[in-house]
Amino acid sequence: MFDPEIGKGTRWKKGQPSPNPGGRPKSRLLSEALRTRLAEVKPDDPSGRTFAEVIAANLVEIACSEGPGAVHAANEIADRIEGRAPQSIQLSDLAADLRSRSDEELEFYLAHNRWPSDEEGILLGPAPISA
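Taken in order, the sequence shown gives residues 4 to 134; the numbers are from our numbering.
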């Protein structure tokens, strides 16, 4: 069975100063440097476009080509313009699933990082009766 006392001694305790008082940094140095650089005018561009404008134009050209990167470039453009398509995630009732498992099955999972196969389940013993 699960022991809720495991790790209790290393948990952050209420009333004590936070172990990370500043939290996650608000800025990212690389992101800021890239934003600054992309906003600069590309020195050898005859039209005086910024690096970001040149990259965007190249990305559109690749997406319109018949080359190997066309689909990837088109997907990148769509993700930037329309946002990424939502990922569907199927959630199951984890608590109900765990309650339906025998102690032997749970121990098997902890030992092998997978649920037992049907054959292995037979060797573990009868399944618990669901309420």
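Think of the CB as a built atom: it goes at the ideal place given N, C-alpha and C, for glycine as much as any other residue.
- Glu108 counts as buried, since no fewer than 16 other beta carbons sit within 10 angstroms of its beta carbon.
- Per DSSP, Glu122 is one residue of the alpha helix (DSSP H) stretching across Asp121 to Leu127.
- Rounded to the nearest whole angstrom, the C-alpha separation of Phe5 and Arg104 is 14 Å.
- For Ile9, no alpha helix (DSSP H) encloses it, and the DSSP letter there is neither H nor E.
- Taking C-beta atoms as the reference points, Ile80 and Val57 fail to come closer than 9 Å.
- Runs of the alpha helix (DSSP H) lying entirely within the region 46-125 and spanning at least 4 residues, in chain order: 54-67, 73-85, 97-102 and 106-115.
- Nearest neighbour of Arg83 by Cα position, chosen from Asp121, Arg117, Ser91 and Ala59, turns out to be Ala59.
- Between His75 and Glu69, the alpha-carbon positions lie close to 11 Å from each other.
- Within the same chain, and ignoring the five residues on either side of Ala66 in sequence, the residues whose Cβ sits closer than 7 Å to its Cβ are Ala73, Ala76, Ala77 and Ile80.
- A Cβ-Cβ distance of about 6 Å is found for the pair Pro22 and Trp15, placing them in contact under the 8 Å criterion.
- Rounded to whole angstroms, the separation of the alpha carbons of Glu110 and Leu126 is 13 Å.
- CA-to-CA, the gap between Leu94 and Glu122 works out to about 27 Å.
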